[in-house]
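For the sequence shown, position 95 (counting from the first letter as 1) is numbered 95 according to the numbering used here, and the numbering increases by one without interruption.
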Amino acid sequence: MAEKSERASVTGIVRRAFPVQLEVRAKAGASGLSTISGYASVVDEPYEMWDFLGSYSEVVRSGAFTKTLSETPQVQLLLNHGGLAMAYTKAGSLRLAEDSTGLHMEADVTAARSDVQDMLLALQDGSVDEMSFAFRVTRQMWSPDYDQRDIIEVDLHRGDVSVVNFGANPATSVAPALRAADFDKLGDDDARALMERLQRRFAPPVTPAQPAGHPLSLYQAQAAALSL
1 MAEKSERASV TGIVRRAFPV QLEVRAKAGA SGLSTISGYA SVVDEPYEMW DFLGSYSEVV
61 RSGAFTKTLS ETPQVQLLLN HGGLAMAYTK AGSLRLAEDS TGLHMEADVT AARSDVQDML
121 LALQDGSVDE MSFAFRVTRQ MWSPDYDQRD IIEVDLHRGD VSVVNFGANP ATSVAPALRA
181 ADFDKLGDDD ARALMERLQR RFAPPVTPAQ PAGHPLSLYQ AQAAALSL
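Printed below as a string of structure tokens:
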């Protein structure tokens, strides 16, 4: 069986989304530019996460952004973590800062762009109300029972802050945690149970003209799991 301590070994880029109130205003003295501002992350507020072992609590601690912001990270403002960058720290159009609430962002965007127009209209009419950010965890602390993860320090370099529809909401999302899980580290019993479940789910229907197909290979099972 998988042990909860394996949670501490999962690495790579992760994303977290938070409900936000973004302010949109015309940029003073700059025709055709709008400025949006708000928080891409909050600190010291626990939220629920899920992985292959079930639920656990996670909290981004105050000071988690201090080191990475001091290193002038290259970060872009995106829509749903994709598409062309709408603002960029390297260009000075995206500005990030940490305060007692969390990671504050302010971005100057070109309103003439069609994708920017769509985003601004969605923000102004309240159709979109979440932001997400992509980052790497560089320092963390787990409780002795591995049921709470404190994120002590993150790396934002070559990550992004994104306006998102729903995104990887930490209170409800299961799929991003599953994709981040290291399946090679699952215990034999858990791996076998997952493979059997996937075989049942993706097995072709049995008809007189179509006999049962071959079971999923381990490679196919892992690929199927990653696409859930």
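Just so you know, even glycine gets a beta-carbon here, dropped at the ideal spot from N, CA and C.
* Asked: Roughly how many whole angstroms lie between the Cα atoms of residue 60 and residue 151?
  -> 5 Å
* Which whole-angstrom value is the C-beta distance of residue 107 and residue 121, which I expect to be below 8 Å? -> Incorrect: roughly 16 Å between the Cβ atoms, too far for contact.
* Asked: Are residue 154 and residue 130 closer than 8 Å when you measure CB to CB?
  -> no
* To do: Rounded to whole angstroms, what's the CA-CA distance from residue 18 to residue 161? Just pull it up for me.
  => The alpha-carbon atoms of residue 18 and residue 161 are separated by roughly 11 Å.
* **Under the three-state DSSP convention, the category residue 108 falls into** => strand
* Sequence-distant residues of the same chain with beta carbon closer than 7 Å to residue 5, five excluded per side -> 146
* Asked: Excluding sequence positions up to five away, which residues of its chain have a Cβ less than 8 Å from the Cβ of residue 124?
  -> Once the five neighbours on either side are set aside, the close Cβ partners of residue 124 are 24.
* Note down the Cα distance separating residue 22 from residue 37, rounded to an integer number of angstroms. => 5 Å
* Take every Cβ of the segment 27-45, pair it with every Cβ of the segment 6-14, and state whether three or more of those distances are shorter than 8 Å. => no
* To do: Answer yes or no: do residue 81 and residue 127 have a C-beta to C-beta separation smaller than 8 Å?
  => No, Cβ-Cβ distance for residue 81 and residue 127 is not below 8 Å.
* Asked: DSSP three-state call for residue 101: helix, strand or coil?
  -> coil
* As assigned by DSSP and simplified to three states, the class of residue 178 -> Annotation note: pLDDT 37 at residue 178 (below 50); position unreliable, coordinate value reported separately. Helix at residue 178.
* Run the CB neighbour count on residue 139, radius 10 Å, all protein chains shown included, and call it buried at 16 or more, exposed below. => It counts as exposed.
* Does DSSP put residue 116 in a helix, a strand or coil? -> Of the three classes helix, strand and coil, the one that applies to residue 116 here is helix, per DSSP.
* So what does DSSP say about residue 94, is it helix, strand or coil? -> Under the three-state reduction of DSSP output, residue 94 falls in the strand class.
* Quick one: what does DSSP say residue 69 is sitting in, helix, strand or coil? -> helix
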